[in-house]
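Below is one structure, written out as structure tokens; comments come after it.
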Amino acid sequence: MKKKSSGFSGSLGFVLAAAGSAVGVGNIWRFPYLCAKDGGGLFLVVYLVLVLTFGFVLLTTDVAIGRRTKLNALNAYAALGKKWRFLGFLTFLVPALIMTYYSVIGGWILKYLTAYLTTDGSAPAQDGYFTGFITAPVAPIVFTLIFLAFTAFVVYCGVEKGIERYSRILMPGLLLLIVGIAIFSLTLSYQGEDGITRTGLQGLGVYLLPNLEGLTVQRFLQVLLDAMSQLFFSLSVSMGIMITYGSYVKDDVDLGKATNQIEIFDTAAAFLSGMMIIPAVYVFLGTEGMTFGPSLTFVSLPKVFQSMGLVGRLVGAAFFLMLGFAALTSCVSVMETLVANCMELFHKSRKQMCAVIGLYSLVTAVLICLGYNALYFELPLPNGSVGQLLDVMDYISNSFLMPFISLLTSILIGWIVGPKWICDEVQKNGEAFPRAGLYSVLVRYVVPVVMLVLFLVSTGLWKL
Ligand code: PFF
């Protein structure tokens with residue numbers, strides 16, 4: 001099989017590009033609302049433990065498979081054993097499904113950014129603004145297509161001149177913006193309609209102190225499962241993306257160090273996003289604001305920005321600009337994985353595959369947009385929720401395929417190929433891998449069991 005010739009220029013380029021994939025709407029949107037819902041500090045502690053154990057195992061496995069085989073997921077699994085080719089196909093399916101809706105969310109972000117840049121920002125704070133926008137027939141499609149065009153452009157420019165170059169600019173910029181808004185959030189203070197003055201520092205307490213009120217074993221399990229599925233999504237693992245990025249990494253890069261840095265970057269971005277959002281929501285909307293769930297970003301935050309007065313418009317624009325950067329580098333990684341797999345599979349050029357995948361992304365994204373309009377339906381999902389087209393895609397990729405792929409990968413690596421195969425790759429040039437023992441135990445015994453439980457619960461086969 002033909003091995004790669006292009007790749008990242010070095011360790012920093014790889015770390016920033018991988019962090020670009022990992023840091024996305026998952027960190028800025030999903031992490032804070034899960035944290036708010038799942039008892040603040042309690043969720044944080046559980047999440048941190050999972051990052052240091054499961055996150056470390058899954059990320060190391062993906063990156064090492066990529067670098068050792070120098071192949072994309074489709075062929076990499078086949079290289080590990082002919083019978084495992086099907087796992088490559090399953091893995092390929094995840095970005096193919098995510099691609100259908102990620103650019104749609106990117107389009108929503110672009111719309112909000114435009115609203116803050118061109119108007120006084122009062123419209124997004126109105127009730128019904130979000131629903132009105134996503135159910136419109138044309139506007140969401142237009143914004144989605146613009147976002148998609150940016151994504152395709154970066155992918156078309158290639159690994160070093162596109163993905164690495166843009167990640168080197170966007171990622172530090174993103175981090176600066178998050179830190180800036182987080183500090184601003186802590187300085188806030190506001191007297192609500194109830195006459196109570198709430199401050200950002202009190203909000204920080206709500207974020208960081210574990211809320212153990214009414215904690216039962218069942219609720220704790222739910223927190224654990226939420227944290228686990230957040231981890232997959234956030235680190236972009238078990239979807240072939242980190243295998244693809246791993247295949248672009250030079251042999252002299254210290255993989256153990258690089259994966260640690262990616263984990264730290266991703267977790268820091270999520271932690272700081274919580275620090276930016278939760279105190280602000282608490283100050284302006286009180287504890288009730290903590291229960292808003294997924295609508296936090298598009299419905300509650302605009303209300304927070306409006307309460308800030310003039311400066312709110314500026315903060316709103318900065319926030320959606322940052323979210324846009326984060327979404328762009330993540331969407332690029334999804335498209336790159338599809339393009340790279342297809343280039344390898346069909347022996348075609350990047351240009352040709354960008355055109356084909358671009359067309360696929362365009363058609364499917366339009367369908368997803370229409371899922372809120374002409375193609376509207378409500379489908380009960382096995383996990384108990386009711387979803388539209390976007391939620392169905394999200395459900396199949398995140399709740400169904402990702403735990404299943406992790407389960408099979410950990411069996412393959414832990415029991416068939418052997419953890420040594422991965423550890424050797426990490427220690428290729430004599431680098432230290434202090435957690436090699438932990439890796440082996442987790443990949444053989446712990447990950448398969450927990451993934452099986454996660455799979456059974458998220459598919460509704462086992463009710464908690
Ligand atoms: N890891 C990204 C985030 O946290 O938003 C999301 C993501 C990127 C998910 C790429 C899936 C993906 F293929």
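Under the UniProt record's numbering, the first residue of the sequence shown carries the number 1, and numbering increases by one thereafter.
Ideal placement from N, C-alpha and C gives every residue a C-beta, glycine not left out.
Note that the coordinates shown come from a computational prediction; the quantities given were computed from them, not determined experimentally.
Going by beta carbons, residue 244 and residue 66 fall inside the 8 Å limit.
Following the DSSP letters along the chain, one finds residue 198 in no alpha helix (DSSP H) but inside the beta strand (DSSP E) bounded by residues 197-199. Every residue whose beta carbon comes nearer than 6 Å to a heavy atom of the ligand PFF appears here in chain order: 21, 22, 24, 25, 26, 27, 95, 98, 233, 234, 236, 239, 241, 330, 333, 334. In chain order, 8, 163, 164, 167, 245 place their CB closer than 7 Å to the CB of residue 17, counting only its own chain and leaving out the 5 sequence neighbours on each side. With at least 16 other beta carbons inside 10 angstroms of its own, residue 170 counts as buried. Residue 178 places its beta carbon 8 Å or farther from that of residue 117. The stretch 295-304 makes contact with the stretch 121-131: 3 or more CB pairs, one atom from each, lie closer than 8 Å.
According to DSSP, residue 24 shares a beta bridge with no other residue. Nearest in C-alpha terms to residue 111, of all of 131, 72, 76, 94, is 131.
A residue is called buried once 16 or more other Cβ atoms fall within 10 Å of its Cβ, and residue 461, having fewer, is exposed. Taking a cut-off of 8 Å for Cβ pairs, the stretch 407-423 and the stretch 58-72 touch, as three or more such pairs fall below it. Taking C-beta atoms as the reference points, residue 279 and residue 176 fail to come closer than 8 Å. When the alpha-carbon of residue 415 is set against those of 256, 47, 80, 435, the nearest one is in 80.
Rounded to whole angstroms, the Cβ separation of residue 402 and residue 101 is 15 Å, and the two are not in contact under 8 Å.
Cβ neighbours of residue 337 within its own chain (closer than 6 Å, five residues either side excluded): 95, 240, 241, 244. Residue 344 and residue 350 have their C-alpha atoms roughly 10 Å apart. Here DSSP, grouped into helix, strand and coil, assigns residue 58 to helix.
In this structure, the beta-carbon distance from residue 371 to residue 390 falls below 8 Å. Taken through DSSP and simplified to helix, strand or coil, residue 237 comes out as coil. Annotation: residue 97 to residue 153 spans about 20 Å, alpha carbon to alpha carbon.
Sixteen is the threshold: when 16 or more other Cβ atoms of the shown chains lie within 10 Å of the Cβ of residue 71, as they do, the residue is buried. Counting other Cβ atoms within 10 Å of its Cβ, residue 182 reaches 16 or more and is therefore classed as buried. Residue 311 carries a helical assignment under DSSP once its states are collapsed to helix, strand and coil. Under DSSP, residue 190 shares a beta bridge with 198. Straight-line measurement puts the Cα of residue 28 at about 25 Å from the Cα of residue 11.
For a cut-off of 8 Å, the C-beta gap from residue 144 to residue 369 is around 6 Å, short enough to register as a contact. Nearest neighbour of residue 430 by Cα position, chosen from 149, 257, 106, turns out to be 257. The three-state secondary structure of residue 140, taken from DSSP, is helix.
Around the beta-carbon of residue 196, fewer than 16 other beta-carbon atoms lie within 10 Å, marking it exposed.
Put simply, the stretch 221-230 touches the stretch 28-39. At least three CB pairs are less than 8 Å apart.
DSSP places residue 290 in no alpha helix (DSSP H); its state is neither H nor E. Secondary structure of residue 10 (DSSP, three-state): coil.
Comparing alpha-carbon positions, the option among 217, 266, 255 lying closest to residue 326 turns out to be 266. Note that the C-beta distance between residue 207 and residue 276 is not below 8 Å.
The C-beta distance from residue 283 to residue 203 rounds to 6 Å, short enough to meet the 8 Å contact threshold.
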